[in-house]
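Protein chains in written order, with numbering that gives the first Met the number 0: chain G, 0 to 392; chain Y, 0 to 392; chain S, 0 to 376; chain H, 0 to 376. For each residue, glycine too, the CB sits at the ideal point set by N, CA and C. The next block holds one structure in the form of structure tokens; read it before the comments.
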Amino acid sequence: MDLLFSPADEQYRTRIRAWLSDNAGDLALIAKAEDPLQAARDWQRKMYEAGFVGLTWPKSCGGQEASLTQQVVLSEELAQARIPHLINGIALTTLGPTLIQHGTEQQRQRFLPGILSAKEIWCQGFSEPGAGSDLPSLTTRAVLDGDEFVVNGQKVWTSLAPIADWCFLLARTDPKAPKREGISYLLCDMKTPGVTVRPLRNAGGGFHFSEVFFEDVKIPRDNCVGEINGGWKIARSTLEHERSGLSGVVALEANLERQRQMAAKLKVGDKTALDKPGNRQKLAQYWIEIEGLRHLGYRALSDQLAGRPPGASASVGKLFSSRLRQKIAKTSLELAGPLAPVAKKSPHVIERGRLHAGYFDALGYSIGGGTSEIMHNTIAERILGLPRSTRDD
Amino acid sequence: MDLLFSPADEQYRTRIRAWLSDNAGDLALIAKAEDPLQAARDWQRKMYEAGFVGLTWPKSCGGQEASLTQQVVLSEELAQARIPHLINGIALTTLGPTLIQHGTEQQRQRFLPGILSAKEIWCQGFSEPGAGSDLPSLTTRAVLDGDEFVVNGQKVWTSLAPIADWCFLLARTDPKAPKREGISYLLCDMKTPGVTVRPLRNAGGGFHFSEVFFEDVKIPRDNCVGEINGGWKIARSTLEHERSGLSGVVALEANLERQRQMAAKLKVGDKTALDKPGNRQKLAQYWIEIEGLRHLGYRALSDQLAGRPPGASASVGKLFSSRLRQKIAKTSLELAGPLAPVAKKSPHVIERGRLHAGYFDALGYSIGGGTSEIMHNTIAERILGLPRSTRDD
Amino acid sequence: MDFELSAEQVAMRDVARNMLGERWHPDKMREAIDKPPATIPTDLWAELSQMGWLGVNCDEILGGGGQDILTAAILVEEAGRALLPSTFSTNLASAWAIENSANQAHRDGLLTELVLGNKRVTLAIEENHGSWGPDTIELNATGNDRDDTLHLSGTKLLVPDGSTADLFLVAARHDENLCLVAVDADAQGVTVNAMKRLDGADIVELELNDVAVPASALLQWGGDGESLLREVYSVFTVLIAADLLGSAEVTLQMTSDYAKERVQFGQPIGSFQAVSHRLADILVQVEIGRSLLYGACLALTEQREERHALVAAAKSWLNETAIDATEAGVQLHGGIGYSWELDVHLHLRRARSNAATLGDSDFHRDQIANYYCDRPG
Amino acid sequence: MDFELSAEQVAMRDVARNMLGERWHPDKMREAIDKPPATIPTDLWAELSQMGWLGVNCDEILGGGGQDILTAAILVEEAGRALLPSTFSTNLASAWAIENSANQAHRDGLLTELVLGNKRVTLAIEENHGSWGPDTIELNATGNDRDDTLHLSGTKLLVPDGSTADLFLVAARHDENLCLVAVDADAQGVTVNAMKRLDGADIVELELNDVAVPASALLQWGGDGESLLREVYSVFTVLIAADLLGSAEVTLQMTSDYAKERVQFGQPIGSFQAVSHRLADILVQVEIGRSLLYGACLALTEQREERHALVAAAKSWLNETAIDATEAGVQLHGGIGYSWELDVHLHLRRARSNAATLGDSDFHRDQIANYYCDRPG
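Given below as structure tokens:
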């Protein structure tokens, strides 16, 4: 047992750091750029050209065929340097691997380069108003008419939709089949007539999601990934694409560190918030939990390296880390005491409103990407082997 | 709105206090008496003769026809004076009201006097190994054969069984009927041939419960309460016999006060456990929760006084108070610090082992008399009106 | 023994629920998150006065409704449910302060103006010391017996509804004693700097730069300003607790309703214990919170010895209840709960804001610990 | 990067699980609750020695197994599952102390006796100050440089497995520095008063009445007794954490198995989310706890700077995990979980006892706060 990365990996780390220090200096400017979208595309292309995108993909697909540990090293370094996620991140983690595994050669050649270079931005059309936790109950219809699917329906909680060039979506192609066996995985050009995007505002005030409406939208038959009616299995395999979560640990660690520094500055009478025994206990607890998550990540990574199937263990990390993120965000808010509710741009606001944003962001973590309730089911059924609760799925 | 008892009630309180101070002095001796059972019977008879038993029962049934508030005043005073529960308490709170409401005149005359005076001690035969939370699935059979039922089966978690003269039990008389509609409510002399009692030891080491086995036990047909096959409804009506829980509040208050005094004595370095900010927060929290339960009890009592049906609200009190009792007991144990695990009779044991006993007792509160899981179901379905979880009951 | 609402109180609650539901729309709080803070417009304010609610717990001789603090709390609970700006509870607390002051001039004149809706009054208590309450107050009111004028200098923060207030009741130290001093919003040396709360509510920073007021501006209780201030603080606190109860209860109701309708996996999500048991826990919290609130109101009215501890209990408990209920509301609504359109996040914002107003749960538990833990014996 | 058990460790764990399951019965712990404390009989002790487990993490040159602390922890976890008395973990920690002492005589002689199972050794650390750890130690070992003898007087509490110990490693202050001093159980002035733990384990009160030992009885680490003591305390703590993990895990397994079989309302209770989600939460706690335990063991072996904080993290977390798992075990088994016959309450008693041994969760969080919160910057 050891926690060491190989000398080659450490060398790789050094290379990344050097490259980031040379190239990521003006990254903070992306959000402030005149055309932030273009700036984000440019950044991903720059990363790609330097060989830091599609790390574990085959070379034939434009990837680097790098090792798993190199990928971990890269995620850790990006998190450490607070580099924002790549603009095409969703396509890189879900669509790309799907096409590599299930796509036709033609699909791979057509779409993978654009995903890697961010020349084409992708959004994901899975959730629907009536199909959230119970995703396979989706009702968006796709009817094959000659060489085209005609799609009608509505998707929701779609990130990036207003700026996306393409959408990968699930649609029901056989309404009579059992619900998991009548779904197809389609690729849709967002400029196709009949596609409408309506941005949604979230509880925290941000515009991260959209609704996407499909009205008689025509998609070429060639844009179906895998078999017709075989889309659920394909989607499921990438939904379960497991990661060690080690880059998430770095982010949580940064959150806690900001909390510690804030507490040390916040005056409570003639002491600071960091002097209060109750607050010290809380910070210590979060330190413990972050270490727990980190070492859980090392175990997951070791499993992956040894080729052991990760199974449902990613649910453990997801459930635990979303809860931890929420606890840290809530405590940060509560540490601010009487000034906690002061809104941004007001006199006396704490941390320029960042506490509020962090709080709302954290609340979303136990909903998006599988609710905590679903994570509990998964752990109970797939790890503990408990009988399924009576439900139709 | 007011929280005042009437002058008559307050006068009643004075009378109880005076009587208790004259008569309850040697009560602590019951447990140490040569024949503790006889001493406990004697105490109940004494209480009964003084008019403090069967308080709200009709005079025709040997009761006092006292007001609800007088009953509350009595329970409060008994709890305050730390008077142990009456030996025939289960019969007084469940069987007695059942007989008054559903029994024949003959049954009332035969059994009520013995319940009141503790001349006959009763135990309750409801739970079975296969029927706990799902009580109506019980399988003890009673077959009517002429003028007698012949009973076969097993009961469990029966209090007082080794000393009981009689048992009131539920048995299945129609195995083909829906499970709630084939159950009868029977009264069985414990000296009947075929009745066997096996005491059970509980996790805390005490012998509070027994198993009771019935092997071809003959019970006269006249000892069926209410209609044959109509026993479930009758049992259910007394299982739901609601109380304000105000005497329980007095007991919790005493627990917290003992905790406070213990914390003030326990040294932690050169301070006491009561000086630790975390412990002060906990004690304050329990103070809050006890006040919450007390005022909830006042509301329940007001409802009862106004003749409003209590509904499922007793589940709220039961769920909350068993949890609170556990929290207080756990904290008492934890306050003892390094010496918490020292067993009774060892050098340096804290509070002569009472912390351990209190801890195990408290753990039982969320299991006996309806588990917390069942309380949650009741609240969700009957107060919030949520749909039942899919289950067969 | 009668510890439930009277028929009159129930009727008033129902009227308030209907009236506020018709005359105030939660969208105004939603909009205020981006725009300037939300305030109650003049016409609605006049209506609240006409309903008799602005003086609901003032003496009938002074134009009030002659009701107790509980009745005020019931109305504030409805204001919480309806997402009405806090101006209502602020003025109820201010009215209580003025009525219970020994200063006859204020009682006769000022209170009538408040009850009639002609003047809005607020309380300026908290300063910038990282904690809450009378014990943290440092702002000084100088002036001596021979001098007929008091001079105030200093800064108050988080003053509720300050943008529309005509008068500030400012907590200050005078001759080392705590007191409340009435300061006109347009007095020389008064500066009001708008702030905003997380929920879009109006709070301000109040700067007093050598503001001169007559000695008669001092509010006292039988000559004792500190007792009055502590009592006012408790009355205000219990009203905010009522507001929190309103948020908790309406969110529980919204979420239960949603759980009955929303179908996933072929059945309403409310049939899953992960949902139903969590909601049952919230119901328990709400019922305990309501019980504590009633108890605290009654104790204040009856001036019972444990009243401040009971107020602290109600506020501490309801802080957590409202946060738990509204956070559960977001989670159990799923994606829709996280959307801007649903009112759940407005209640979450209000709950989080009110929970940090007039003392968080730790603060109030500290008060109770001082009351309970350190008693002799 | 390899953060899982080696094939050898997995094999050893399986052997231990089988062997302890056959050779030790939980009934012995159950009986000890009423009767004298439970101890490991001589024949089983000899077997443990023959398996090489008593010296599993000692140098092979000294007769040990040459394994690291993690391997010892894995064996102790099995001892926890099997409800074996703590004598095993106590001796592993003692062996580590002796081996890492600069005192060659002890290493060569005493350690061999321990590893061979001829002598049982224990650690006498805690006193009666309401807290835990090296910082609370007051017992003095007097004697000066010219004197070849140390004199010890004072009382130690909660000394594990003291009834069968042949030798006590007593934590003391000598010249203001902390150290460990080896004291024979039959030395003049030594009195052992039996105590018992909630779970039936053997603990004792150790009275030292002017006990004289040669200066060579001092255990040091490169001349530094305090570093050795602190290191031993962490090693012992991480072994108790492993014991807690064993209790948590086996109880989770028993409860999951029961939930699959026990039918109520026409279905296995494990299909109700009130049961299954609570068990899922325990599984998460157990997995995080296992990760922390491995991390702490590795950090100790590698002498990493954060090792004491990681040990504190593992102990703090596993205290709570084991308590939560065993309390859930009682609750979810229902009536049967509350019975004397089921082993769940034995694990609950053990978890509660171990959680209060070598530091409760608050204590260890305080250690972490001192390490993490007060760092500069």
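Can you tell me whether residue i is buried or exposed, with buried defined as 16 or more other CB within 10 angstroms of its CB?
i, result
"threonine 41/H", "exposed"
"serine 100/S", "buried"
"serine 132/Y", "buried"
"lysine 118/S", "buried"
"aspartate 215/Y", "exposed"
"leucine 3/G", "exposed"
"glutamate 127/G", "buried"
"proline 375/S", "exposed"
"alanine 123/H", "buried"
"proline 382/S", "A query on residue 382/S cannot be resolved here, the shown segment of chain S reaching from 0 to 376 and no further."
When DSSP labels each residue in this structure, what does residue i get in the three-state scheme?
i, result
"tyrosine 257/S", "helix"
"tyrosine 364/Y", "coil"
"aspartate 223/S", "strand"
"phenylalanine 264/H", "coil"
"aspartate 144/Y", "strand"
"alanine 78/S", "helix"
"asparagine 176/H", "strand"
"serine 183/G", "strand"
"isoleucine 124/H", "coil"
"glycine 20/S", "helix"
"lysine 217/G", "strand"
Is the separation between the beta-carbon of residue i and that of residue j shorter than 7 Å?
i, j, result
"aspartate 242/H", "glycine 20/H", "no"
"serine 385/H", "arginine 364/H", "Nothing about residue 385/H can be reported from this structure: the residues present for chain H run from 0 to 376 only."
"leucine 168/Y", "isoleucine 182/Y", "no"
Just the Cα atoms here: how many angstroms apart are residue i and residue j?
i, j, result
"valine 203/S", "leucine 109/S", "22 Å"
"asparagine 139/H", "valine 55/H", "33 Å"
"phenylalanine 271/H", "glutamine 252/H", "17 Å"
"glycine 328/S", "glycine 142/S", "52 Å"
"serine 365/Y", "threonine 377/Y", "14 Å"
"leucine 332/G", "leucine 217/S", "36 Å"
"glutamate 380/Y", "threonine 320/S", "21 Å"
"valine 234/H", "isoleucine 287/H", "20 Å"
"valine 315/Y", "leucine 134/G", "35 Å"
"serine 152/H", "arginine 172/H", "11 Å"
Give me whichever residues DSSP pairs with residue i in a beta bridge.
i, result
"serine 48/H", "Answer is none; serine 48/H lacks a bridge partner."
"cysteine 122/G", "Cys166/G"
"glutamate 380/Y", "Bridge partners of glutamate 380/Y: none, in fact."
"proline 96/Y", "Paired residues: none, contrary to the question."
"lysine 155/H", "Leu205/H"
"glycine 63/H", "Answer is none; glycine 63/H lacks a bridge partner."
"lysine 266/G", "Thr271/G"
"glutamine 153/Y", "Phe212/Y"
"glycine 229/Y", "Ile182/Y"
"arginine 148/S", "The question names arginine, but residue 148/S is threonine in the sequence shown. Partner(s): Pro213/S."
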